[in-house]
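Asks: Got a structure for you, written out below as structure tokens; questions coming shortly.
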Ligand SMILES: [Ca+2]
Ligand SMILES: [Ca+2]
Ligand SMILES: [Ca+2]
Ligand SMILES: [Ca+2]
Ligand SMILES: [Ca+2]
């Protein structure tokens, strides 16, 4: 068990992972540090002398200024570390660095489903989508016809038939943001590479018309895509029978898909956190960040989201933006969120709370960097709207709320084919048709929820792993999962109740 | 097949139910009317001479002024019927009339479940509720353990174990309207008389805390009510096992409930329309209104809702209000809706659309009365917020959107123990734990969706029923359904996917 964690070689602070007593001697990367005053668990101490006015560095980045001279071994917190009235320095692209790609010959591979349109799937499901809450029961009954044990025994290459239902689609404006978000979500799922076949079921009189979705998405009926309305086929029983027939007809064709070797550059990884604790920012998020950096060096894509969690520290991302246009797109989203939340009586505030401060977090930059650690260190190449198709490689940002099911639904619609989720409190999480790997920030929750958690990032504070070794293992596990290895959430049957498109606007 | 419908004895117009040719002779309640010009299907004609400036009466109510002298048999529409810039006359309580109750000895009865708190249920389910989207999969897996054929064979008095999951509960403000609505909804369902036992499953780190719901609702753990968090019991598998154990322990006790004779005054009927067509306002809605009037004369309660559909004609309800306070509460809700929709970029507008006008609807009053017909003719005794417990008898109004699943979820939370739904387009509709009876406005949709529709109100235009005879039959069927007779939607398995609490505010 390590007593502290030193997140980055350039950091002049380290974090205690247990209460540290005065005069304890620690070896921090070869430096001998004597603890000069009691340091509570999760609080920071200086690993070298820091002069008043010098930068405090954590995650290799600026988190505040020293308000006084600080000695090695002294506590660093609100009493001696300030951000001040710092004017936000957007510093467009200042820290954008060229990605150090691995040579093509050394690129990692996984076994994926290469689809006719060139996209690569990591699973091979048949999806049943609905335009409106009202067609949800029909969709579920169709899926249930293929969900009993043995139902798909003749189709070993089909992972399942899943109904993804939702609570919207009517009683809403027939245009505008809320409508467009829902339509983009359907479009993204209907075209998802993890679906071998798709059924879209409508009622008939809803705002979100089946025909409108098809026209918008450029979809038309085919052997592997069918769409119809309950009201046009004579009601519930006929609609269920019709759907079952459609799926039955698709199954042999969907079963023909087989896995083949695909480069890691075809992996689109959604990163997400939820139920975070004080450890999330120093174990699970940075370890996932390391794994994402490796994936990106192999040519892959990481989708980072949850806009409210970067609020107030958005310049950390504009500094990493590939171009000023990308930075400007992010700031436009920030302004949108300011209006959205103020219109709805919600105050966006990412400042450390009293509880955060008691837990050792000193400044908004430090707090934001803890969440941002899961995005790794590479250049941000693009900013997307919720559920917009991701086409750029590298690290991209997709705008979304922080609420897990809403955010991940958007990431999957955008094209994510693997999801990685960090949690400190424990999770109940899964997003069919995409596999989700779950990473605990601490060993206690891993032990308590062993059936749910795939990877224990508490191993870093236990002294069993470094962020680098763990990041490499996570990357390798992502490849295995993309190749078909089952995640805990798949074993537990998660993934349909969690489909939750972002709802914006009045329900009328 | 009747060629016209004359909705109320005081009406000076009737509605053609097929195209009427010139010189056709019709007998309208003993009056011989000669059709003076071609009248298109669904359009109005005068049944007696109407002088310029006189009132046009439909549904026994004012729908506009004659803009010219109109002869019997002439077409009445936008060319000769206007509302003008009529200042809305709220006329508080002007049309509030004493209810003509049937003598107690003649009160109708049904076979219901009388609960310990005195409330009467019409079904006997075990409900599994969730505080947050994240506990949805666990809730569904618990319910699935009791949903295979034969699972409840030892418990013949238990109607089923149903999981009612939803997409909210986190990523939201921890106070304010959106939070209170969700909490009231849980409270209403947890206390619903159609549940013999209830399980509430949370994740643990969500905004909508299990403990908060219990405290707010004054609920505590008991033999028939259990609540717990997934994170506190060691994850998904343990949470499912725990829930299954709780339900298994409840079953013998829940099975002890038996039906007994209860007066119709214990029926709380939610009325609702959706997928309406031009016939809805002249067949299904008025027939349901007659049935509700009968129920109210027997001491029962009717919950009328869907605020956007009364917008612009709210004075029709303030005139029927029991007290000025009740009328004022309705107007407060109207003002709330004006702000809610304008904040969200939605324009409330209940004026007849060009399509409505082509279909024969002339004024906003006429259109609103078509929807309002399902509320019958009695005095409005109370106005409730969404999901607020209904305690008044008679006709009450519960504020809600028009979107069926959101509106009915609120009505059930408010205490409805039977739902009646009118539709012209056809429905996919059901709300466990409460039975829903479905009424078609026309015979064509009834024939097309016979498995879905319980009662064909097209019988009125077919000439097989009058509104009065059909209203009486609906009332009798409501009693039978309340006593246990299965509705079409119950046979089809509707009722869990439709649970949809109203979501207000930003998702963050
Ligand atoms: Ca859903
Ligand atoms: Ca988060
Ligand atoms: Ca999240
Ligand atoms: Ca629901
Ligand atoms: Ca409705």
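Residue numbers (full-length UniProt numbering), protein chains in the order written: chain A, 1 to 508; chain B, 1 to 508.
Ideal placement from N, C-alpha and C gives every residue a C-beta, glycine not left out.
Only a predicted model underlies this, so the values are computations on that prediction, with no experimental measurement involved.
Name the chain B residues that come within less than 8 Å of residue 492 (chain A), Cβ to Cβ?
Replies: Within chain B, the residues near residue 492 (chain A) are 137, 236 and 237.
Asks: If you draw a straight line from the C-alpha of residue 360 (chain A) to the C-alpha of residue 140 (chain B), how long is it?
Replies: 39 Å
Asks: Flag this pair as touching only if the region 57-67 of chain B and the region 365-372 of chain B have three or more C-beta atom pairs under 8 Å; answer yes or no.
Replies: yes
Asks: How would you list, in chain order, the residues of chain A whose beta-carbon sits under 9 Å from the beta-carbon of residue 401 (chain B)?
Replies: 171, 506, 507 and 508
Asks: Assess contact between the region 494-506 of chain A and the region 171-186 of chain A, defined as three or more Cβ pairs (one per stretch) separated by less than 8 Å. Is contact present?
Replies: yes
Asks: Would the beta-carbon of residue 404 (chain A) be found less than 7 Å away from any heavy atom of ligand 3?
Replies: The answer is yes for residue 404 (chain A).
Asks: Please classify residue 111 (chain A): does DSSP put it in a helix, a strand, or coil?
Replies: strand
Asks: Ignoring anything shorter than 4 residues, give me the alpha helix (DSSP H) runs that lie fully in the region 423-479 of chain B, in order along the chain.
Replies: 443-448 and 459-462
Asks: When the Cα of residue 462 (chain A) is compared with those of A:453, A:83 and A:446, which residue comes out closest?
Replies: A:446
Asks: Is residue 513 (chain B) near residue 204 (chain A), with beta carbons less than 8 Å apart?
Replies: Because chain B spans 1 through 508 in this model, residue 513 (chain B) falls outside it and cannot be assessed.
Asks: Looking at the unbroken beta strand (DSSP E) that takes in residue 240 (chain B), where does it start and where does it end?
Replies: Run containing residue 240 (chain B): none in the beta strand (DSSP E); it sits in the alpha helix (DSSP H), 236-255.
Asks: Quick one: is the Cβ of residue 273 (chain A) within less than 7 Å of any heavy atom of ligand 3?
Replies: yes
Asks: Taking a contact to mean a Cβ-Cβ separation below 8 Å, would you say residue 416 (chain B) touches residue 290 (chain B) in this structure?
Replies: No.
Asks: Beta carbons nearer than 7 Å to chain B: which residues of the region 346-379 of chain A have them?
Replies: Those residues of the region 346-379 of chain A that come within reach of chain B (Cβ to Cβ, closer than 7 Å) are 346.
Asks: Does the beta-carbon distance from residue 387 (chain B) to residue 410 (chain B) come in below 8 Å?
Replies: yes
Asks: So that I know if they touch, is there some Cβ in chain A lying closer than 8 Å to that of residue 230 (chain B)?
Replies: yes
Asks: Thinking just about the alpha-carbon of each residue, which of B:302, B:497 and B:69 is nearest to the one in residue 395 (chain B)?
Replies: Nearest C-alpha to residue 395 (chain B): B:302.
Asks: Between the Cα of residue 341 (chain A) and those of A:373, A:55, A:320 and A:308, spot the shortest distance and give me the residue it belongs to.
Replies: It is A:308 whose Cα lies nearest to the Cα of residue 341 (chain A).
Asks: Just grab the DSSP bridge partners of residue 31 (chain B) for me.
Replies: DSSP, once it has assigned bridges, lists B:28 as partnering residue 31 (chain B).
Asks: Could you check if residue 222 (chain B) is buried or exposed, using at least 16 other CB atoms within 10 Å of its CB as the buried criterion?
Replies: exposed
Asks: Apart from the five residues just before and just after residue 465 (chain A), which ones in its own chain have a Cβ nearer than 6 Å to its Cβ?
Replies: Excluding the 5 residues flanking it on each side, residue 465 (chain A) has same chain C-beta neighbours closer than 6 Å at 459, in chain order.
Asks: Which residues bound the alpha helix (DSSP H) around residue 232 (chain A)?
Replies: No alpha helix (DSSP H) contains residue 232 (chain A), which DSSP labels as neither H nor E.
Asks: Does any residue of chain B have a CB that is nearer than 8 Å to the CB of residue 123 (chain A)?
Replies: Under the 8 Å criterion on CB atoms, residue 123 (chain A) is classed as non-interfacial with respect to chain B.
Asks: Does DSSP put residue 45 (chain B) in a helix, in a strand, or in coil?
Replies: strand
Asks: Check the DSSP bridge columns for residue 321 (chain B) and list the partner residues they point to.
Replies: B:380
Asks: Show which residues of chain B have a CB atom less than 9 Å away from the CB atom of residue 425 (chain A).
Replies: 203, 204, 205 and 231
Asks: Please list, in chain order, the chain A residues whose beta carbon lies closer than 7 Å to that of residue 503 (chain B).
Replies: For residue 503 (chain B), the chain A residues whose C-beta falls within less than 7 Å of its own C-beta are 503 and 507, listed in chain order.
Asks: With DSSP as the reference, label residue 228 (chain B) as helix, strand or coil.
Replies: strand
Asks: Please state whether DSSP places residue 357 (chain A) in a helix, a strand or coil.
Replies: If DSSP states are grouped into helix, strand and coil, residue 357 (chain A) belongs with the helices.
Asks: Enumerate, from N- to C-terminal direction, the unbroken alpha helix (DSSP H) stretches of 4 or more residues contained entirely within the region 108-162 of chain A.
Replies: 136-144
Asks: On the premise that residue 196 (chain A) lies in contact with residue 125 (chain A), defined as a C-beta separation below 8 Å, what is that separation, rounded to the nearest angstrom?
Replies: Their Cβ separation, rounded to whole angstroms, is 7 Å, which keeps residue 125 (chain A) and residue 196 (chain A) in contact under 8 Å.
Asks: Under 8 Å: do the region 474-481 of chain B and the region 491-502 of chain B share three or more Cβ pairs, one atom per stretch?
Replies: These segments do not touch.
Asks: Within 10 angstroms of its Cβ, does residue 486 (chain B) collect 16 or more other Cβ (buried), or is it exposed?
Replies: exposed
Asks: Less than 8 Å between CB atoms is the rule here; does residue 386 (chain B) satisfy it with respect to chain A?
Replies: no
Asks: Just to confirm, is the Cβ distance from residue 292 (chain B) to residue 351 (chain B) under 8 Å?
Replies: no
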